[in-house]
Amino acid sequence: MKYNKIWLLVLLVILVSCNKFLDVTPKNVISMNDMESIKKSLAGYLYNVKERGGANSLPWTPFEGVEATIVNYTDEWDLSHWGDKELTDDVIGRLDWKDEGTASRWNTLYTGIGFMNLLLNESSTAEGSEQLRDIVRGEVFMHRAYNFLKLVQYFSPYKNNDLGVPLSIETYKDFFQVSLKRGKQIEVYHQIIKDLDEAAACLKRTPPSPGYNILYSEDILYRLYARVYHYKAASGAAEQDDWKNAALFAGKATANRILESNPAKLKDVFDCAKVALTNDPESGFRLRYNIYGLYNIYHADKQPSVSYYTQLYGNNDIRKTMFYSETTPLPSLSITVNKYNYLGVNEQSIYVSPLFRLAEAFLIKAEALAMSDDLNGAIDALTTFKKARYTGVIDVPATKNELLQEVYKERKREFVFEGDMRWLDMKRMGESYERTVGGRTFKLEKDDWRYTFMIPYAEIENNKEISQNPGWL
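Per full-length UniProt numbering, the sequence shown starts with residue 1, numbered consecutively.
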């Protein structure tokens, strides 16, 4: 069928399930015959990403609501005081890593992918300059790659290559050719890397448009490449050169870059009042939220883990007082989160989350070089990182195993209270974890099936070609 004019539903693009991959109904529509119109269509979504994380009727972004579904799962938090109240089934589900609310990420991520598929299809032939085409398509390829990465991280068992996710890259025009089966993880990763390669090709021809593009930048491209290879390298989809590629792209991401060592300036990265830091060197971009939901996530009825704090942070670590406040001293130590400033512009309560951080690239580089048996390179990378985070003399191990253990600890220190960073490291390492609340002990076993989220019931019911993840009934 030939389309002279394609109508895009800007205010509502909903993925009900893979059987209705894009349910697109014309309402508040704009023409998509030309690149300027497509650019405007994408602009609304990008505004969501940059300013509110996805809080309007356009497709929700993959950055919206991550903390709400995962924050109760990690060892960063002490939830023992929850036992002071009745342990309802809902609370027990969260304590036992069986919160079915995590399944909502499936729809969020596939909705975004459907939107990106539509934009890629129409922008391939729409009238307009090649520079504008690159600016739009490069951005879209980055977002689709990121969404697929999140899907495989959340919904695929880490060591099982066979259980990837449906690799739906067709548009609604190709519905009857859409594959509803789970692709192998390696196939999903290859598509992610292919999308990043497409974005890289766009960047070679056309630079980003300031004020418009978000993920479409060389900094974020290299950091996302490094993250993909880093997570893939020990998974069931691992390939021989994954660690080398992780080191390669982390090296590109850190080349001629200097980590911020001034505590006050580093603190600004997490301060929503510093609106000028939209493109600071420490983060690829900073996501801004209204605070009310985030306050409930990080403060209401939650306490940071004292043991996490005391075991990881020494007195010469500049992050100790940046990320935490001691509200009650020893021997009855109590602490609160001090990483973020919530009172923003005009006294509006706002939360800011720095994403694609330079610090992550340095730590990926150190780990990947160690795993590639380049110990001297790993030592140099870790030394550079630690010089920016400690005062006085620093200690950097010399053996491979000790180097890796120190990198893991630095990731725990650096990314505390940052979205899903800690949870995905726990999954990647297959860590066991135990906590006791209200006299009941909850234990996450090594490589536990609960590290993989439940696929939504509606998806299982409507898509006969997919089965539930192991362990979920």
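The beta-carbon is built from N, C-alpha and C at its ideal position, and this holds for glycine as well.
query: Cβ neighbour criterion (16 or more within 10 Å) applied to P62; result: buried
query: For W82 and G439, believed in contact at Cβ under 8 Å, the rounded distance; result: Not confirmed; about 12 Å, so no contact.
query: Range covered by the alpha helix (DSSP H) that runs through L403; result: K400 to E414
query: Spatial distance of Q468 from I92 (CA atoms); result: 21 Å
query: Minimum length 3: unbroken beta strand (DSSP E) runs contained in the UniProt domain "RagB/SusD" (314-472); result: 324-328, 334-337, 350-357, 433-437 and 440-444
query: Beta-bridge pairing of D34 - partner residues as DSSP gives them; result: E127
query: Range of the contiguous alpha helix (DSSP H) that encloses residue 481; result: Residue 481 lies beyond the residue range present for the chain, which begins at 1 and ends at 473; the question has no answer from this structure.
query: Exposed unless 16 or more other CB atoms sit within 10 angstroms - verdict on V393; result: exposed
query: Cα-Cα separation between L15 and L444, rounded to whole angstroms; result: Residue confidence for L15 is low, a pLDDT of 35 falling below 50, so the modelled location carries little weight and cannot support an answer.
query: Local Cβ density within 10 Å of W77, reported as buried at 16 or more and exposed below that; result: buried
query: Residue(s) in a DSSP beta bridge with F249; result: Bridge partners of F249: none, in fact.
query: Span of the alpha helix (DSSP H), counted from its first residue to its last, around R94; result: D89 to L95
query: C-beta atoms of residue 475 and W60 nearer than 9 Å; result: For the chain, the structure presents residues 1 to 473; residue 475 sits outside this window and is missing.
query: Exposed unless 16 or more other CB atoms sit within 10 angstroms - verdict on K464; result: exposed
query: Cβ-Cβ distance between E139 and L215 below 9 Å; result: yes
query: Environment of P329 [buried if 16+ CB atoms lie within 10 Å]; result: exposed
query: Whether I250 touches I364 by CB criterion (9 Å); result: Looking at the sequence shown, residue 250 is not Ile but Ala. In contact: A250 and I364 (Cβ atoms closer than 9 Å).
query: Meets three-Cβ-pair contact criterion under 8 Å: the segment 153-162 and the segment 177-192; result: yes
query: Assigned secondary structure, R105 (DSSP; H/G/I helix, E/B strand, else coil); result: helix
query: CB of L118 within 9 Å of CB of V136, strictly; result: no
query: Three-state class that DSSP yields for G183 in the structure shown; result: coil
query: Integer-rounded CB distance, given that V165 should sit under 8 Å from I192; result: Not quite, the Cβ-Cβ distance comes to about 11 Å (not below 8 Å), so this is no contact.
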